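Accompanying notes for the structure given below.
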Amino acid sequence: MYLKSLQIERFRAFRRTDVSFRYPGAVASVKLKYPNINLLLGNNGMGKSAALKAAALALMSPVLASTGYRPYSLVRREVDKSPRDAAVQAHVALSDQDREGDSGPPPDKPMLIARISRVRTTERCVFDPALATRVWDPMYSEDSAAFFFVGYGVSRTVESSAKVDSSLRRRLRHVRYERVASLFEEQATLMPLAGWLPTLQATNLQRYQEVEVLLNELLPDGTDFHGKMLNGDYTFSHRDLEVSFSALSDGFRAYIGWIGDLLYHMCQCCPNGTALVDHRGIVMIDEVDLHLHPQWQLEVLPTVSRAFPQLQFLCTTHSPIVAGTVESANLFLLLAEGETASFLATPDREVHGLTADQILTSSHFGLVSTRAPDFYEELRKVSGDVSRGKPGAAVRFMEMTSLGSAAQVDGE
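So the mapping is simple: my numbering equals the position in the sequence shown, first residue as 1, plus 99.
As structure tokens, this is what we get:
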């Protein structure tokens, strides 16, 4: 399953917005280098995370009532206006992977709608009953590859391998919700590699080898995974050292954390005989650049796009470096609608290949300057002196632009 388009109404920052996404195999007017990447850009509070939450709710709406999810503050509230019901409509593209047994033929235009209403002091989120059909029945199967989607919020905490209880995790949450729980719950944890990979190695060596190859493709240069364990934790070779997962930097743990969790859920449902790289589905990642060094920000989207060509990625970022690694057709901007609402739009300017400074001062990020505000004000004053022909101002201006605060700003 892929997400073709999303319509959001009265959901948090959005009054109403419609957006169409890129996905593998979609007919496109231009050939994209990374046809499975969708990257959302916008200021804090504009609705990037809300858009991912909305998509997740619509995608799991057929089983929402049995997932254990409790909606909170989703319906948009405007001053002096009574809150109205919110709705999220997802048009999806289905494949043979999404058909199972006697679930029946899919609709001509498969669609999922989650409706959220306020009931006194709480909210209720339900699947639109008009769309109920047996096509969605495989969602109730915990080991089904049909309708695969996962999502990762900014609190990507990996559970301690010593505390992992897979059966308890399944009892607490429906697997469809477990896969996106970190988008909604800060305390939700991800499955550690040590919690499932040793069992996979013992029971399905071929699949284990696939996972090991993929992990090494996904890791940055200079870091390798060889399946070694130390005190119950996997180690990674980094700068000629063997470092256990728990001792890695925040950046490595955040990245390997969601990668490992994704591979876990893929292995749980991908049928034998189907390669992991051929597995279809949707992956949502909030702040994909979280804790990553700029060098790795340059590589993260191209890397995951190549490693998982059949997965559709919906990501958010505040990083101009990440934004510059994809084409404008992969980008979606969160723009202001009046003073209190947002909407999603595609950009009209190409930023692929531009520098971080150029992207930050473009309409995509809207900065006037990337210099420190106090220094920028001093630079403006000197620029004014240059315009008025003040002696020595031109030299001071050039020194300031090239040396920053190391320049003799006062001209002494």
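Idealized CB from N, CA, C, for every residue including glycine.
Being a predicted model, the structure only gives us computed values, none of them experimental.
Give a yes or no on whether the C-beta atoms belonging to residue i and residue j are separated by under 8 Å.
i, j, result
"Ala-406", "Glu-316", "yes"
"Val-481", "Arg-495", "yes"
"Val-218", "Leu-361", "no"
"Arg-115", "Leu-131", "no"
"Ala-155", "Leu-139", "no"
"Val-310", "Leu-299", "yes"
"Ser-519", "Leu-292", "No statement about residue 519 is possible, as the shown extent of the chain runs from 100 to 511 and does not include it."
Let me know the secondary structure DSSP gives residue i once reduced to three states.
i, result
"Cys-414", "strand"
"Asp-332", "strand"
"Gln-286", "coil"
"Asp-385", "coil"
"Gly-452", "coil"
"Gln-188", "strand"
"Leu-364", "A quick correction: the sequence has His, not Leu, at residue 364. Looking at His-364 - three-state DSSP - the assignment turns out to be helix."
"Phe-344", "helix"
Compute the Euclidean distance between the alpha carbons of residue i and residue j, then round it to the nearest angstrom.
i, j, result
"Tyr-307", "Ala-374", "11 Å"
"Gly-124", "Thr-334", "37 Å"
"Ser-216", "Gly-437", "24 Å"
"Asp-339", "Ala-186", "52 Å"
"Gly-503", "Ser-461", "22 Å"
"His-325", "Asp-349", "21 Å"
"Ala-157", "Gly-144", "21 Å"
"Phe-110", "Ala-231", "23 Å"
"Val-387", "Ala-505", "35 Å"
"Glu-233", "Asp-195", "Before going further, note that residue 233 is Arg rather than Glu in the sequence given. Rounded to the nearest angstrom, the two C-alpha atoms are 15 Å apart."
"Asn-137", "Asn-429", "5 Å"
"Ala-353", "Phe-283", "17 Å"
"Cys-368", "Asp-320", "30 Å"
"Met-497", "Ser-486", "14 Å"
"Met-365", "Gly-452", "33 Å"
Looking only at its chain, what residues have a beta carbon closer than 6 Å to the beta carbon of residue i, apart from the 5 residues adjacent to it on each side?
i, result
"Asp-509", "Unreliable positioning characterises Asp-509 in this predicted model, as indicated by a pLDDT of 49, which lies under 50. The coordinate reading is nonetheless provided below. None."
"Phe-247", "Gly-380"
"Ile-107", "Phe-113, Thr-116, Ala-153, Val-187"
Tell me which same chain residues have a C-beta within less than 7 Å of the C-beta of residue i, skipping the five on either side of it?
i, result
"Tyr-276", "Met-159, Thr-166, Gly-167, Tyr-168"
"Gly-520", "No statement about residue 520 is possible, as the shown extent of the chain runs from 100 to 511 and does not include it."
"Pro-419", "Ala-455, Ile-458, Leu-459, Phe-464"
Residues in its own chain within less than 8 Å of residue i by CB, not counting five upstream and five downstream?
i, result
"Asp-184", "Arg-109, Val-174, Arg-214, Ile-215, Ser-216, Arg-217"
If contact is defined by three or more beta carbon pairs under 8 Å, each pair taking one atom from either stretch, is the segment 155-172 in contact with the segment 218-225? yes
At least three beta-carbon pairs within less than 8 Å, the segment 373-390 to the segment 321-330: no
So, do the segment 392-405 and the segment 256-265 have three or more beta carbon pairs nearer to each other than 8 Å? no
Just checking, does the segment 100-112 make contact with the segment 191-206 on the three C-beta pairs under 8 Å criterion? yes
Between the segment 262-277 and the segment 299-306, do three or more beta carbon pairs fall short of 8 Å? In short, these stretches do not touch, since the Cβ pair count stays below three.
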